[in-house]
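Protein chains in written order, with my numbering: chain A, 7 to 173; chain B, 197 to 578; chain C, 3 to 534; chain D, 15 to 189.
Note that the Cβ used here is the ideal one computed from N, Cα and C, for glycine as well.
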Amino acid sequence: MSSLLPWLFSAIMLGFACAVVLNRNPVASALSLVVSFLALAGLYVSLNAFFIGVIQVLVYAGAIMVLFLFIIMLLDLKAEERRTLNTTATLGGLLVAAIFVCELFSVLRHFHKGSLPFPPLAAGPLDDVRGVGTMLFSNYNLPFQVIGALILVATVGVVVLSKRELK
Amino acid sequence: MNDFLGIDWFFLATSLAKTLGIIFLVVLPMVSYTVYAERRISALIQDRLGPNRTGIPFTNIHMEGLGQPIADAVKFLLKEDLTPAHVNTFYFWLAPCLAMAPSLLTLSVIPFGSWLFGVPMVIANVNIGILFVFAIASLSVYGIVLAGWSSNSKYSFLGGVRSTSQMISYELSLGLSVIPLFLLLGKLNLVDIVDYQARNGWLLLPLWGEGLTLRRWLLLIPLLISFVVFTISIFAETNRLPFDLPEAETELVAGYHTEYSSMKFALFFLGEYAAMITGSSLIVTLFLGGWHLPIPWWSSGAGFHFALVDGAAPGIPGILGGLFNIATFFGKVAVLLAFFIWVRWTLPRFRYDQLMRLGWIFFFEIALVNIFLTAGILFYLP
Amino acid sequence: MSAPQMLNVQINGEWKQFPKGTRVIEACAQAGSYIPRYCYHPKLTSPGNCRMCLIEMGMPKMGPDRKPELGPDGRPVINWIPRPQISCAQDVAEGMGIRTDSPMAQECRRGVMEFLLINHPLDCPICDQAGECKLQEFSVEYGNGGSRFLEHKVKKPKKVAVGPRVTLDAERCVLCSRCIRFMKEVPQDDVLGFVDRGSYSTIAAHPNRQLDSNYSLNTVDICPVGALTSTDFRFKMRVWFLKETKSFCTSCATGCNTVIGSRQEVVYRQTPRENNEVNSVWMCDYGRLNFHYLHSERRLSRPAVKGEAAAWPAAIAKAAAELRSVPANEVAIIASGSMTNEELWLTKKLASVLNITLHDIVPHIEKGDDLLLSADRNPNTAGAKLLGVSSSKLAEIAQGVESGRIRVLLVLGEDAAGISLAKLKSLVTVGLLPSAATEKASVFLPSAGFAEKRGSMINVKGRLQRLNQAIQPPGEARDDWEILRDLIQAVSGANGVYAIEEVFRQMAEATPALAGLSLSKIGDLGVQLKLE
Amino acid sequence: MAYTVPRPKLTFREKLYLPAVAAGLAITIKHLKNMLLGRTKVVMQYPEEKWDSHMPPHYRGAPTLVRDDDRERCVACQLCEFICPPRAIKITPGEIPSASKSEKVEKFPLEFDIDMIRCIYCGLCEEVCPEQAIFLRKDYAITGLSRAEMVHNKKKLYELGGTMHGLVNKWNEKK
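Here it is as structure tokens:
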């Protein structure tokens, strides 16, 4: 049964990911994405990576998607639902997806099943908070700080852009 | 038997028992009686009496109105369930469920007792307990925002929007205010946090264990600040007065649940009070020692000390101790709930801009500075 | 005719000019100081018996040269008469001085009021005149607060039926004799008079006679107090509740101007309104009381198809289908002389849309009198003639219907006019009350009565007058013009008009006699048309 | 003209707000304590305890009609209907038949309805009544299960009003 759960979560995640694309209603799409994120978090948790799973929920489902939904709700959804399919964009999207699938297959083709055994997963709960922390602040300290600075710049940029019109 | 089909059946059964027990035997009655307490206390504060009549039906037994929550529940179930025209029916139905579920979910990681029958009194002992609480609590905003949006009403929508921004804003100070704790303890696990407090004194009452050192007393300053910011943020997160802007009835009728009636409204109601219970539980767990109650004891061997009620002890004393600890926990929660109610009937509502300013400019900064303060103390007094 | 000679009169210290022959009471009213009165009525003679209009008066002081002495302002010095004079029986004279508000005049009024109220029963709560009672009004303005009369009041007969339509309460009477003079002077039926003497003097009808003139209810109008009340209106509604709508009487071709008193969609009374071109200030009892049919129990207020209640759109569609079901020469329209010009105009339009040539109104000729009641009881015969609906083809229509040559008949607001309807294929009726025609009708459409609609009519003298709406039509009944408009729309498919003003505008454009007029330009008193 | 409300200058202690919050909490808890100890007594246990005995003589409860010894006082003058601000009163006047004992009064109300849903208990009807026929009595708990039930008809109004002696003797002197 515990081996059943990852499959279940994967199915939910993929199903709702499709729903994100296929739904005409933006609110439905956004909520599907939330469910997809939750299923992804479930996947992480079933791999004993509690921290990543919880952060997935906290950051993506709890904060980012709420803001998304917030913005979507201020839109005219009826107009959104009336919009016809943009043929060029659709075809372009399909093309990109097809190329990606081809690349995926070409990579997988070179991967010989069973030739490389995975290291066994740690039994019991991982101390992944400490693991992630150590990793971030030792091996990846510079990229982490750079990303921090980048986000700060982005934040300042947003403030500058949005305040300009008020003058 | 214990390992049939690769599943730990004992674990499953006890977890289920704990879940059902905590929800149906503790939380839901507690919600109902919190509503009752709210009404009685508000009445007493305002020199009234409040509901003091409802007792056993068809008799003259009043029981000081203790039957009121049951009557309310029956009423909620029997009221007409209106679905207004032009609402988005699916989301209109989904929203109350989403409002109710997160508050109950978060309870799963909170240790509400020590041990009972050799079972730890926490539904899920998760390493990152507090983060889990924040993650699930952050989902509760969906119920509100969907309710506001799907009702297709101005009041509801404004209430929903306000609530969303309020909750997102105060999540920041909520999250930041507990970081000093983790700096001190190095753990996110709520069970461990309570254990630490049982051994070394409550975070706000460092009277025993290592609590008698200067470092611990110095640390009390940032912890006190943490406690205040955390408590106030919990007020904001649960939309309680003075932060009940989402349902400010003078402006927004009833905010996001204006269009709801009958059991759907009751679900919002339950969700709100359940969130209050969760919030109080969190405060109790993090700052007030959780299920632990120090009992002054004198024994010839150790002299005067605080005894720990041990639920893990074998036999009858263990069972009694476990029950005592559970009672202690919920007793503390009840006191905090009373405090919530007391505050609600004392303070006036903030203006919305004041609320946002308070969240972003005041509490956010205080929590941030508090982290540095704690880090400094811990650095110089390791 | 030369302009009347103007006389200088000083009223309350101000010099004003009035034409010779003006009564003092009228001159004072024109100068802005209304003098209270009971017996005086501008349309009747002045006996001067109520003494309410007492004023202080003076004539120019004559010098030895028989010329008026002039004061420092160049005006004659006035020699005030030391005793009060009645102002209703006196014409103005050159150099006359009048004081209406001097202490003496005020004292006189207070005294007269006290005398008039000595035996008054003070039963205002049950008196129908309350609210429009001069005794109440002048008592407030000029009277004392309380009575000094300690003796027993004189008892007089109450609730006396002096006529079939008038009830007398002698205790309330102030013996002003207006009713006596009215009956003597206007309908010239001298049936009322005073009997008994002193305190016991009362109004009474001549022995073996009744106040049964067709104009008897005018005595109720002119009675300044609640002595004479209308038996019909008695105790029905307090007058202050009544919404007053200016209209005119549609019971005969005279078209006396009226005020309709209604409350909450019920008409309670009609009273005459002054229009010196039509009815002076009088109207006949027949016309005045001829409104109860509006609230008749028998009133039809739902459209019906073959006697079954139907919705308006269905009924209109059915009626239109019936009108078009046979060739135009087999259809006839019987209109009514009590329809408004607008309705007649739309009738004519309907006829021309359907190419119907057979249309006429039903004449109603009864005995008239030489005062107000016209022999022609159709209020708008002149309008029907002007708009060409009346065509003296009624006999032909009757013959055609009876012989079966005419198979579809549209009857508007009339009964079958004695025509046998047996051979008709279908009959469309518009009306208010059930009749032989509505019983046989294939389609019945309920319409509005005179107080329920707007519109214009032309009276026997060619005066265009306007009806105003006092109440809403009952139930589902609708304005006639809307019914006709919908019928035209249903048979022709063209878009209709949406306001009665628009109907009038179209009609005025097509009719030379009405050129330049609109409903609002008609005004409350009507417009005299130049008809050939 | 715009007027800026001057804001008081707050001291640091006031700016902290926490002392004020504490003071507020102290006030409310004091009320709670006094209620619990039974020191405050402002609430009346409604269905058991009633205001009836405490009601002042001028209390304005439900409007009612009163009867004289042998006749109904109301003569349907409709002044109350006229004065009634919410238009709760509806009167249909009628004529007293000649055979009746109180024929001299001539007029009486055929129907007299007061819509108690509309009534605002202002007492203007009582004040305006020239016959002293309408009085505001002490009934205040006017309830009903339907709108129709809340309209007090003549019968109900006389039931509530009862008989009153004296006061108006004017009609007795009439012939």
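Out of the options, state which residue places its alpha-carbon closest to the alpha-carbon of residue i.
i, options, result
"phenylalanine 558/B", "Ser429/B, Ile522/B and Ser496/B", "Ser429/B"
"leucine 213/C", "Asp191/C, Ile224/C and Asp198/C", "Asp191/C"
"leucine 273/B", "Ser228/B, Gly339/B and Ser458/B", "Ser458/B"
"lysine 528/B", "Trp541/B, Leu482/B and Phe439/B", "Leu482/B"
"arginine 180/C", "Ser201/C, Asn220/C, Tyr144/C and Asn210/C", "Asn220/C"
"methionine 363/B", "Gly572/B, Phe568/B, Val565/B and Tyr548/B", "Tyr548/B"
"glycine 475/B", "Gly514/B, Asp243/B, Val341/B and Val305/B", "Val305/B"
"serine 449/C", "Asp481/C, Ile363/C, Gly370/C and Ala377/C", "Asp481/C"
"alanine 345/C", "Met509/C, Asn497/C and Gly402/C", "The displayed chain sequence assigns glutamate, not alanine, to residue 345/C. Nearest C-alpha to glutamate 345/C: Met509/C."
"tyrosine 232/B", "Ser477/B, Leu262/B, Ala563/B and Glu561/B", "Leu262/B"
"glutamate 4/D", "Arg244/B, Arg249/B, Leu240/B and Asp243/B", "Outside the modelled stretch of chain D, which goes from 15 to 189, sits residue 4/D, for which no answer is possible."
"leucine 290/B", "Pro265/B, Ile340/B, Ser238/B and Gly246/B", "Ile340/B"
"proline 71/D", "Ser112/D, Phe149/D and Ile110/D", "Phe149/D"
Rounded to a whole number of angstroms, what is the C-alpha to C-alpha distance between residue i and residue j?
i, j, result
"asparagine 396/B", "asparagine 521/B", "17 Å"
"aspartate 199/B", "leucine 368/B", "At aspartate 199/B the pLDDT is 48, less than 50, meaning the model places this residue with poor confidence and gives no usable figure here."
"glutamate 116/C", "arginine 150/C", "9 Å"
"leucine 414/C", "arginine 240/C", "36 Å"
"arginine 85/C", "glycine 76/C", "26 Å"
"glutamine 266/C", "histidine 154/C", "42 Å"
"alanine 450/B", "glutamate 443/B", "5 Å"
"proline 105/C", "arginine 111/C", "10 Å"
"glutamate 276/C", "phenylalanine 250/C", "11 Å"
"glycine 48/A", "histidine 453/B", "31 Å"
"methionine 178/D", "alanine 439/C", "58 Å"
"lysine 395/C", "glycine 420/C", "15 Å"
"alanine 443/C", "leucine 521/C", "33 Å"
"threonine 18/D", "leucine 554/B", "24 Å"
"cysteine 133/D", "tyrosine 154/D", "11 Å"
"valine 425/B", "leucine 564/B", "11 Å"
"serine 392/C", "valine 269/C", "31 Å"
"alanine 206/C", "histidine 43/C", "20 Å"
Run through the DSSP bridge pairs and tell me what residue i is partnered with.
i, result
"leucine 535/C", "Here chain C covers residues 3 to 534 and nothing more, so residue 535/C does not appear."
"serine 428/C", "Val410/C"
"leucine 401/B", "Trp398/B"
Can you find the residues in the same chain that come closer than 6 Å, C-beta to C-beta, to residue i, ignoring five residues on each side of it along the sequence?
i, result
"phenylalanine 74/A", "Ala36"
"alanine 23/A", "Ser42"
"serine 347/B", "Val283 and Glu455"
"alanine 418/C", "Ala438 and Ala439"
To which residues of the same chain is residue i closer than 8 Å at the C-beta, ignoring the five residues directly before and after it?
i, result
"methionine 472/B", "Thr230, Thr434, Arg436, Leu533 and Phe536"
"asparagine 167/D", "Glu125, Phe126 and Asp127"
"glycine 108/D", "Ala90, Lys121, Phe122, Pro123 and Leu124"
"serine 282/C", "Lys45 and Glu276"
"proline 1/C", "Summary: the structure shown does not reach residue 1/C, with chain C confined to residues 3 through 534, and so no result is reported for it."
"tyrosine 351/B", "Leu448, Val449, Ala450, Gly451 and Thr454"
"histidine 116/A", "none"
"lysine 245/C", "Gly263, Ser264, Arg265 and Ala472"
Looking only at its own chain, which residues have a Cβ that is under 7 Å from the Cβ of residue i, when we skip the five neighbours before and after it?
i, result
"alanine 321/C", "Val430, Val445, Leu447 and Leu489"
"arginine 167/C", "Ser218, Leu219, Ser232, Thr233, Asp234 and Asp287"
Should residue i be flagged as near chain G, meaning a C-beta pair shorter than 9 Å?
i, result
"lysine 55/D", "The structure shown has no chain G; the protein chains it does contain are A, B, C and D."
Length at least 4, wholly inside the stretch 182-253 of chain C: the alpha helix (DSSP H) runs in chain order
If you keep only unbroken alpha helix (DSSP H) runs of at least 4 residues inside the stretch 182-253 of chain C, you get 219-224.
Run through the stretch 469-547 of chain B for me and flag every whole alpha helix (DSSP H) of 4 or more residues, listed as ranges in chain order.
Within the stretch 469-547 of chain B, the complete alpha helix (DSSP H) runs of at least 4 residues fall at 511-540.
Which runs of the alpha helix (DSSP H), 4 residues or longer, sit entirely within the stretch 127-168 of chain A?
Every alpha helix (DSSP H) of 4 residues or more that sits fully in the stretch 127-168 of chain A is shown, in chain order, as 134-144.
At which residue ranges does the stretch 253-316 of chain B contain complete alpha helix (DSSP H) runs of 4 or more residues, listed in the order of the chain?
Runs of the alpha helix (DSSP H) inside the stretch 253-316 of chain B: 264-274 and 285-302.
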